[in-house]
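Contents: one structure, followed by commentary.
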Amino acid sequence: MKLRDVLKPEHIIVPLKAGTVKEATERLAERLVASGAVADPQRLNAVIRHTWPEDMVSVGEHAFLPHFRTEAVRGLVTALGISPTPIRWEKDPHRTARVVIFIVAP
1212 MKLRDVLKPE
1222 HIIVPLKAGT
1232 VKEATERLAE
1242 RLVASGAVAD
1252 PQRLNAVIRH
1262 TWPEDMVSVG
1272 EHAFLPHFRT
1282 EAVRGLVTAL
1292 GISPTPIRWE
1302 KDPHRTARVV
1312 IFIVAP
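When you read off a place in the sequence shown, starting at 1, and then add 1211, the result is the number in our numbering.
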């Protein structure tokens, strides 16, 4: 499976305005909700608020990949944001990236 197979143009935010990965994830979740990709927005927001990971998957210094499993979605959905400035990981301010790929699976 390739990212282009699961990423829809309406799920892309450029420029993504966020200072932290959590803020970026919240903006991307809002985009998924607004586009109708999320069956239960309240459940998705609760998962993001209450099960935030201790560590973050990253692709080198280029991208963060926050990912969650929740019944808030009926199938695999993704959103992508590209920031004009570096976005930092809250737990390690020296870890930054400009690309955030948000993945949600049931």
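Don't be surprised by glycine CBs; every beta carbon is placed ideally from N, CA and C.
Minimum Cα-Cα distance from residue 1272 among the listed residues 1241, 1298, 1288 corresponds to 1298.
Leaving aside the five residues that flank residue 1244 on each side, the residues in its chain whose CB is nearer than 8 Å to its CB run, in chain order, 1252, 1255. Membership of residue 1236 in the alpha helix (DSSP H) is indicated by the continuous run 1232-1245. No residue range can be given for residue 1317, since it is assigned to no beta strand (DSSP E) and is classified by DSSP as neither H nor E. The residue from 1226, 1235, 1215 with its alpha-carbon nearest to that of residue 1276 is 1235. With contacts defined by Cβ atoms closer than 8 Å, residue 1268 and residue 1315 do not form a contacting pair.
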